[in-house]
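**Q**
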Amino acid sequence: MAYICPKCYAENKSEAKFCSECGLSLGFEDVPTELKALTSGIILANRYEIIKKIKSGGMGSVYKTRHVSLGKIYAIKELINLSMNHQEQQEAITRFKMEAKILSELNHSNMPSVSDYFSIGGRYYLVMDFIEGKDLSTILAEKGNPGLPEADVVDWSAQICDVLSYLHTRNPPIIYRDIKPSNIMIRESDNKAILIDFGIVRTVQTEEDMSLTKTAIGTIGYMSPEQYRGKPEQRSDIYSLGATMYHLLTGTAPIPFNFQSVMKDRTDLSEETNAVVMTAVRLKPQERFTSALEMKKALTGMVKVALPVTEEADKADLMILQLNVPDSKIKRFAIKTIGEIKTEKAVKPLISLLKKEQDWEVRKITVETLAKFRLNDQAEELMKEILINDENPQVRAAAAQAMGIYENKTFSGPLILALNDMSDEVRMRAIIALGKLKDERALEPLNKIIQQEKEGTVKEEALMAIELISPAYLAEWRTKELEIQTRAQQKKTITSIVTIGILLVAGIFLFNIINKAYKEQQIKDHLKKGFVYLKADKKKEARNEFTKTISLSSKTAMAYYGTGLTYMEENNRNAMDNFEKAIKYDPHFPWNYVYSGNIYAMENNYEKAISYLEKSRTLLPDNQDIYIYLGEVYYASGQTQKAKKVFEEYLGKFPEGENTNTARRWMAIMTQNSSNPQNPKEEEILLEGYKYYQQGNYDEAIRCFQKLISINASNAHAYYGIGLSYYATDKKKSKEYIKKAVEYDPKYIKAYISLAEVCYSMEDYNGTIDACKKGLELSPETAKLYLLLGVSHFYTGNKNGEALPALNKYLELEPHGKNADTVKKMIEQLKQ
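Here our numbering is used: the first residue of the sequence shown is -16, the next is one more, and so on.
1. Check each candidate in Asn372, Lys636, Glu615 and Glu364 and name the one with the smallest Cα separation from Lys627.
2. Alpha carbon to alpha carbon, how far is Tyr595 from Tyr576? Give it in angstroms, no decimals.
3. Nearest to Gly225 by alpha carbon, out of Ala176, Ile26 and Val136?
4. If you follow the beta strand (DSSP E) that Tyr100 is part of, which residue opens it and which one closes it?
5. Using the Cβ count rule (16 or more neighbours within 10 Å means buried), how would you classify Thr273?
6. Relative to the alpha-carbon of Lys757, which residue among Tyr735, Phe242, Lys767 and Tyr769 has its alpha-carbon at the smallest distance?
7. Does the pairing of the region 242 to 260 with the region 200 to 214 give three or more beta-carbon distances under 8 Å?
8. Pick helix, strand or coil for Ile238, following the three-state DSSP scheme.
9. Based on the DSSP output, what are the partners of Lys355 in its beta bridges?
10. Three Cβ pairs or more, each shorter than 8 Å: is that satisfied between the region 44 to 54 and the region 123 to 131?
11. How would you label Thr349, buried or exposed, when you count the other beta carbons within 10 angstroms and need 16 or more for buried?
12. Which first and last residues belong to the beta strand (DSSP E) in which Arg218 is found?
13. Which first and last residues belong to the alpha helix (DSSP H) in which Asp407 is found?
14. Considering only the beta carbon of each residue, do Lys552 and His799 sit closer than 8 Å?
15. What is the rounded straight-line gap between the Cα of Asp804 and the Cα of Arg424?
16. So the beta strand (DSSP E) Tyr107 belongs to, where does it begin and stop?
17. Report back the beta-carbon spacing between Met447 and Gly418 to the nearest angstrom; my notes put them in contact at under 8 Å.
18. Consult DSSP for Ala592 and reduce its assignment to one of helix, strand or coil.
19. Counting only the same chain and skipping the five closest in sequence on each side, list residues whose C-beta sits under 7 Å from that of Tyr222.
20. Counting along the chain, where does the beta strand (DSSP E) carrying Leu178 start and finish?
21. Around the C-beta of Glu427, are 16 or more other C-beta atoms found within 10 angstroms, so that it is buried, or is it exposed?
22. Near Arg49, which residues of its chain fall below 8 Å by C-beta distance, leaving aside the five closest residues on each side in sequence?
23. Put Lys814 into one of helix, strand or coil per three-state DSSP.
24. If you run the structure through DSSP and keep just helix, strand and coil, what is Thr532?
25. Which residue marks the beginning of the alpha helix (DSSP H) containing Asp145, and which one marks its end?
26. Reducing DSSP to helix, strand and coil, say where Ala711 ends up.
27. Can you tell which of Ile324, Lys314 and Gly322 has its C-alpha closest to the C-alpha of Glu825?
28. From this set, Ile449, Val146, Ile179 and Leu150, which residue's C-alpha is nearest Val110's C-alpha?
29. Between Glu115, Thr440, Val378 and Lys280, which has its C-alpha nearest Ala354's C-alpha?
30. Under the rule that 16 or more other beta-carbon atoms within 10 Å means buried, what is Ala281, buried or exposed?
31. Nearest to Lys175 by CA position, among Ile162, Tyr159, Arg153 and Asp145, is which residue?
32. Which residues does DSSP list as the beta-bridge partners of Val616?
33. Just to confirm, are Pro164 and Leu252 a CB contact at a threshold of 8 Å?
34. Using 7 Å as the cut-off, classify the Cβ of Gln504 as near or not near the heavy atoms of the ligand ZN, replying yes or no.
35. Would you mind stating whether Leu813 and Leu787 have Cβ atoms separated by less than 8 Å?
36. In chain order, what are the residue ranges of uninterrupted beta strand (DSSP E) at least 3 long that sit wholly in the region 674 to 756?
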């Protein structure tokens, strides 16, 4: 192999110690750390003229070149060895020669031929066929809707099976290791799939580099479990091809070791293709296709493949293995995956990692992941130590947030200390956590923050935390504030009276002040008792105290607010009336708007729901839940673009927020579903229909929704609106139209809830069960669906014991719901 001088590009014999042209020492220690950039016009190795750079990567670049003598166009891949150790340099050169020799001997129509290879200093070059076309990653981005046509993906995959079969049957076998969309080019001239980038990056790494991470080279998501462990084999390439097909067909990047049926996202796909993909991505190599040739036969219909039974993957061992690698990116991915698996055996390794980890981002995600598990004593003490002593404020904030998840009041002490942290983010997270712990020891420190803090997020969070811990304490504080303001006004008034000398009037005024103070004390006492009763879930007693407050002062906003809370889940109309009065007398208290907005949303009065939730977002700009409520209401009302905007704002403002997964799920639903109205005209008609529906003018509502269908026959929201409008008069038609809504939008969760309700009202319990199960796949925390599911199973004889878990889940989500007592009786009956 020729050795090219890095200074003048003269060609020398491989054993030469000095350049024959310029005299530069060709030993490794004299290689410049920065080599000349390959720009257009440079002649490389006296025979390849650089035309342009095609792409760059972490280890080098690919150039389009022209052979100066033959005029033929080639691609030259430039690889840079970044190692600065002489021994490693020599090992890498040896490995490069061996790998380049193997590749130059390969010849297949679905891969580029390597025609030349050489090195220049610390860079290595492979010369290969130039492919005019685009890689599948680019094609998917440009043409995916969201995936690519099945016929194309099957055809290209069968071609890749050909080249894999060729590689795997070599002696020794060659394993590609990195099949993914960006490594498959589709040639423009004949639509042929060409496998590119043959693992060359691996050849310039030393054995020590390869063993350091205990994992093979590859791309996360496309790598098989055995490749992840560093033990790839031929069937690892089959797994990667299956993952690539999954990505191309669904438009969704593969999540490691977590493949659901391709037909879940692409109902138009054939069962045969689905079976091929799901067989290829089996976790155990022996359960996949035995060879690439067998996979090709399945793709082309020469052999039939049954859809494999879904397996529960134990990914924990794979991920735990990666916690000790030096690569922070791999560690973060492994930790995130462990959090999704939620296996207790990961707690100890996570604790060990947290004790020694230097990278603050890794520490932060480790803390967030540990918060998903039941903590042992060691983990609890470590959390406390991190909150107080970690040098990074984001890690401390994560620890504070984690502490709020557990009902463990031993966390209160460190959290109270954290109220004095220099970081506002840490203080705010500590305040929120204390509110969740409901430890009354935090009341005084939180009150101190209210007294000292200027208006802003920290003060607002402190007020909300106090309300969670003790509404009565907050009411008392508000009353004291009112008293202070009143006294100030009284003092000012009395001074004026004395100044003008009207002593008699002053005496009468002072008598009124005393009488007023007594009345205010009574109001304060009743409010305090009301919130104490409310905290103890004694709603009748609480309501009685709030009524007494209102009898003393009909403009006490907090009394109406408290009364509204007592009616929640019991009588939404009464709750709404009281929240409205509370808003009238205190338009700046945000929670009245939040609760009102949610009630209006439940009643499908989207216009008012949006108005109230937008107002609450203005008053509480950092409350994460409000964004989710608002986005969901915009979506339910057919205003998809506004819903997207709200969820995008949430993800931009709270990238690691408590509701991030929910927001991303909604974004995915809206991206994949094209049935939602997309233009203002459709949204206007839809809102008009809902307005008529709210007024009880069902005929006009139906007319509006049908008008919308005439414009867009696949508008799921229009069918849903008609279904709602028929609910009171014709259950059969109601069911028919709501079913059409979910046919056009299979991810329309509100429609599934309504479908379950109408089926239940018709005593169609099997229909109810089916609607509930589909709805829970989309929204697994919807209490109403668990209620209807459990009760329907109860009435159909509880054949498979499915009633009890559903009813228990309902109680877990709504322990004080209006149906809680009935559900408890059913559970007792089932246990007998």
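Think of the CB as a built atom: it goes at the ideal place given N, C-alpha and C, for glycine as much as any other residue.
**A** If we stick to the structure as given:
1. Glu615
2. For the pair Tyr576 and Tyr595, the Cα-to-Cα distance works out to about 5 Å.
3. Val136
4. Val97 to Ile103
5. exposed
6. Tyr735
7. Verdict: no, contact absent.
8. coil
9. Looking at the DSSP assignment, Lys355 forms no beta bridge with any residue, so it has no partner.
10. Counting C-beta pairs closer than 8 Å gives fewer than three between the region 44 to 54 and the region 123 to 131, which falls short of the contact rule.
11. buried
12. Element bounds for Arg218: not the beta strand (DSSP E) but the alpha helix (DSSP H), Gln217 to Thr233.
13. Asp407 to Leu420
14. A small correction: the amino acid at residue 552 is Glu; Lys does not occupy that position in the sequence shown. A contact, by the Cβ cut-off of 8 Å.
15. 33 Å
16. Arg106 to Asp112
17. Confirmed, Cβ separation roughly 6 Å.
18. helix
19. Once the five neighbours on either side are set aside, the close Cβ partners of Tyr222 are Ser207, Ala263, Val264 and Arg271.
20. Ala176 to Leu178
21. exposed
22. Tyr31, Glu32, Ile34, Lys55, Ile56 and Tyr57
23. helix
24. helix
25. Glu133 to His151
26. coil
27. Look at the range of the chain in this structure, -16 to 815, and you will see that residue 825 is not part of it.
28. Ile179
29. Nearest C-alpha to Ala354: Val378.
30. When all chains shown are included, Ala281 counts as buried.
31. The shortest Cα separation from Lys175 among Ile162, Tyr159, Arg153 and Asp145 belongs to Asp145.
32. Per DSSP, none; premise fails for Val616.
33. no
34. Of ligands this structure carries none, so the ligand ZN is not represented either.
35. yes
36. Fully enclosed beta strand (DSSP E) runs of 3 or longer: not present.
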